[in-house]
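So the protein lines, in turn, are chains A and B. Take the first sequence: its letters are residues 0 to 494, numbered as in numbering that gives the first Met the number 0. Take the second sequence: its letters are residues 0 to 417, numbered as in numbering that gives the first Met the number 0. All C-beta atoms, glycine included, are put in the ideal place defined by N, C-alpha and C.
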Amino acid sequence: MTIDQAPARRSAITGLARQLRTALGPDAVIDDHQRLRTYECDGLAHYKVTPALVVLPADATGVVTTVRACAEAGVPFVARGSGTGLSGGALPHADGVLIVTSRLRRIVEIDPANQRAVVEPGVINLDITRAAGADGYYYAPDPSSQQICSIGGNLAENSGGAHCLKYGFTTNHVTGAEFVAPDGEVVRLGGKAPDATGYDLLGAIVGSEGTLGVVTEVTVRLVRLPEAVRTLLAGFPGTDDAGAATSAVIGAGVVPAAMEMMDALAIEAAEAAVRCGYPAGAGAVLIVELDGPAAEVDAQFAEVERHCRAHGAFEIRIAADDAERASFWRGRKSAFAAVGRISPDYIVQDGVIPRTVLAEVLHRIAELSRDTGIRVANVFHAGDGNLHPLVLFDDSVPGEAERAEEVSGAILDLCIEHGGSITGEHGVGSDKAKFMPRMFTEADLDTMQLLRCAFDPDGLANPGKVFPTPRLCGEVPGRHKGAHPLQDAGIAEVF
Amino acid sequence: MRAAGDLVLGELSATAAAWPAGEADHVDGVPARLVAAPSTTDEAAAVMRIAAQHGLAVVPRGTGTKLTWGRPPERADLVLDTRRMDRIVEHRAGDLVVHVQAGARLDAVQEHLAPAGQRLGISPVLPPGAGPGTAGGVIATAATGPLRLSHGAVRDLLIGITLVRADGTVAKAGGKVVKNVAGYDLGKLLTGSWGTLGLVTEAVFRLHPLPRAARWVVVGVASAADAHDKVQRVVHSQVVASALELDRPAGDPAALAVLVEGIPEGVDGRVRTLLDLLGGDATAAGEPPAWWCHAPWAAGEVALRLTHEIAGLPRLLDAVDDTARRCGLRAAVRGSAGVGVLHAGIPAVPGAVPAFVARLRELSPSWSGDVVVLDAPPRVKTALDVWGPVRGLTLMRRVKDQFDPARLMAPGRFAGGI
């Protein structure tokens, strides 16, 4: 923005504030600078931008009114749910409006006969499962922040979780949405029935990180609770053995509900934090969960156990009940927060590799670690190759932060080199836009921009996210200081 | 004109196999001028660039099993035949991923995967007399079939895509890992776009293990209400059926068939559960019923796709019966009642068909679904809006304008005249 444009932008915001206050009520609009700062970042606290205006609509009509007003004024807008995203996807725009969906928390309908739930975007992920539980159903995609993250944010980021290996991601579970395009047009896409006539715009919107518009209602698939769930924890000498066991299980035709791995450093951190009591001396642990019809689960469980032993597991524990299952998961789910306790600073990386190159990539990460003196703890979804290396450093040591950032970026390059992706579930957001050209050619990115231009020719919806722009070029990757504030508050755990 | 045509053919031939179109190359009654059959993405891109330079309308074609589906294109100057792009580029068994060229036939892909104990979970319904289509064909039409209940739709299995845009630009989206949220999911946008946004040349799919045992439980259904009751019993049970299909031939008794897959000991138990659950004349068999995976229409009939919310099934079936009676038609219905996608076949009686379709569309809000005419003889099709009403059409037109501003990709074939 040039100096000459600034007063025009300010006056546009002042006008918007007045207009929206009249339309939505005084408590729906925040323009006080101190209160605006509450919203200056999402879960990736390294990036901070104070929005020009925050709007908290009470219903879908309020969202539509806000988007239309932004379109008329030519003011950018960013939608935000619970703000648990880890890629800066909901980072505000300094000259824009932040549309907060936290008041849109109505579960409109739980419809077991159709195996669907209809909810507003601010509804918390886990609340859908809670509401559907009485009918024997649940909502399958389960980001680790599911106690606090909103379904609208899940849709925007196509969020995953431990159980996506078997059940698929948000995009496989959203069957309909009411959607406000950046020009204010309201479109109902899909619904309770599959295959609405026309292009699969719903498929294009899920995972578009808020750059194509805002959803005001979401229809999701509900999944029948399984007859049986069984979980085992296996201790291995090292990640090579655990990785080989993972491959053997998948190769045998077993599709676990979840398959999670932690390496020695991650185990050390988890033990320090929550004393999860994982097998002593383990260089890696694997948590495998199977669910489905009881007879199948029993037979496959025995098979998983066999494969683990054949690949060096020296200790296998089988959860006798829900409490023990929870104790297995506690170490895994606390790992991110735990790492904050063994290192003053850390970067959470989120990359994906084909499962078969796991051992090789982990070796390369170990080499990087050795060469740079930067410790890397590995906690990840082994079943689908989604790595979450935690790059540890101490910001007070001169040069260490820079080295950590280099290691973090080099890990993404490793993922790309092996045919993987720069993000499996956290999104591109503000943080990784500059990495997109490493994974995609200019033509690929141009082609994606065709979609953007169709929806948002004026670039008002969440500008500066996903795609590289000069503003972000050369900026450093995101850093986390200690534990996430939501973790500290005991509200959420972060994958 | 001829000289100009020859000139284009010369250019095309320099980049890929190409020949003048014959009668067999007509697209749903629309004559074509030229055919080009590239064998790689690069060749396809060269062909598309030449087509764009000369303003040729391009209609992609695989084995042609669904070439008459949808609306006829406004023009079909160049048929882009994908059958030479039939390679299985890479099968990474350990990653449960296969990368194929668009012209690879589905049966060839399945044969390739089977020795590794894997399959691509796509089982599209076969039109009468047609063989299995190609990977590109199922993507373009979002073809659907029984295994969708367990493995999801084509969109859900497609994890990476290579496409050639109308101007010849080659672009990729997604990749070869299942978990990936980098960039827009153009694979989903292209799935079911009927060749109107670009030419899909390569695709990467996620795979599933081949089950070690499979059995079908078949039960008769007496009425729409009975069908609904039985479908609900199965979907709310914990037997995890792989497929749940309804077959209701016009005037003949109807049946439901439930596919159970897994390991032998598990399947046996689940089959027993199902037999109890469904009661009556339910029986189990090691083979699918003869109609499994076959479309319910006969050659020359009108083919419909009827989508519904799962519990909307009885309202849909009753509406089909009632409307068929009023219009003096017989309607056969078959499809994935556990998913909400049925197919129907009715005789191609001019006059009666438009009335049938119009009335079903009027009633369709009561089962929350759409009524699409997939295929019909030209004389019937011209009297119909085959796609029917479309929500979000303005946005769809804008997407089309961005991807294909000159309207060269299968123009007019898709919903809303796109």
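Linking A365 of chain A to R205 of chain B through their CA atoms gives a straight-line distance of about 29 Å. By the Cβ neighbour-count rule, L15 of chain A is buried, with 16 or more other Cβ atoms within 10 Å of its own. In summary, D321 of chain A is exposed, with fewer than 16 beta-carbon neighbours lying within 10 Å of its beta-carbon over all protein chains present. Here D394 of chain A is exposed. Its C-beta has fewer than 16 other C-beta atoms within 10 Å. Y137 of chain A is outside the set of residues whose beta carbon lies under 8 Å from a beta carbon in chain B. The segment 195 to 202 of chain A makes contact with the segment 391 to 406 of chain B, as at least three CB pairs between them are under 8 Å. DSSP places G285 of chain B in the coil class of the three-state scheme, outside both helix and strand.
Cβ-Cβ distances below 6 Å link D27 of chain B to T67 and P71 in the same chain, with the five nearest sequence neighbours on each side left out; the list follows chain order. Using a Cβ-Cβ cut-off of 8 Å, H235 of chain B counts as an interface residue toward chain A, since at least one Cβ of chain A sits closer than that to its own. Here A213 of chain B is not near A336 of chain B, since their CB atoms are 8 Å or more apart. In the DSSP annotation of this structure, the continuous segment of the alpha helix (DSSP H) that includes G151 of chain A starts and ends at I150 to E156. A distance of 8 Å or more separates the beta carbons of G61 of chain A and L97 of chain A.
With a 10 Å radius around the Cβ and a threshold of 16 neighbouring Cβ atoms, V118 of chain A comes out buried. The C-beta separation of E308 of chain B from N171 of chain A comes to about 18 Å, leaving the pair out of contact by the 8 Å criterion.
D94 of chain B has a beta carbon lying within less than 8 Å of a beta carbon in chain A. If you draw a straight line from the Cα of N377 of chain A to the Cα of C292 of chain B, it comes to about 45 Å. Within 7 Å of the CB of E264 of chain B, the CB atoms of chain A belong to A294 and A298, in sequence order along the chain. Taking 8 Å as the Cβ-Cβ cut-off, the segment 379 to 396 of chain B approaches chain A at W386, G387, P388, V389, R390, G391, L392, T393, L394 and M395, given in chain order.
Remark: C-beta atoms of K165 of chain A and P278 of chain A do not approach each other more closely than 8 Å. Rounded to the nearest whole angstrom, the C-alpha separation of E267 of chain A and L389 of chain A is 13 Å.
With 16 or more other Cβ atoms inside 10 Å of its own Cβ, Q348 of chain A counts as buried.
Between I410 of chain A and M438 of chain A, the C-beta spacing is not below 8 Å. Listed as beta-bridge partners of Q109 of chain B by DSSP are no residues whatsoever. By the criterion of a C-beta distance shorter than 7 Å, V124 of chain B is surrounded in its chain by G144, C292, H293, A294 and H342, once the five residues flanking it on both sides are discounted. The continuous beta strand (DSSP E) containing N385 of chain A extends over residues N385 to F392. The C-alpha of G311 of chain A is placed about 45 Å away from the C-alpha of P467 of chain A. Pairing L276 of chain B with V233 of chain B gives a Cβ-Cβ distance under 8 Å. Fewer than three Cβ pairs drawn from the segment 439 to 456 of chain A and the segment 396 to 406 of chain A lie within less than 8 Å of each other, which leaves the two stretches out of contact. Taking a beta-carbon distance threshold of 8 Å, I309 of chain B counts as an interface residue toward chain A.
By the Cβ criterion, the segment 369 to 382 of chain B is in contact with the segment 342 to 352 of chain B, since at least three pairs of Cβ atoms, one from each stretch, lie closer than 8 Å. Assignment of W215 of chain B by DSSP, reduced to helix, strand and coil, places it in the strand class. For R60 of chain B, the three-state secondary structure derived from DSSP is strand. With at least 16 other beta carbons inside 10 angstroms of its own, V99 of chain B counts as buried. Residues of the same chain with a CB within less than 8 Å of the CB of V375 of chain A, apart from the 5 flanking positions on each side, are L264, I364, A365, L367, S368, P388, L389, V390, L391, V406 and I410 in chain order. Listed by position along chain B, the residues whose Cβ is nearer than 8 Å to that of P181 of chain A form an empty set, because the closest Cβ is around 11 Å away.
Between the C-alpha atoms of P50 of chain A and L35 of chain A there is a straight-line separation of about 6 Å.
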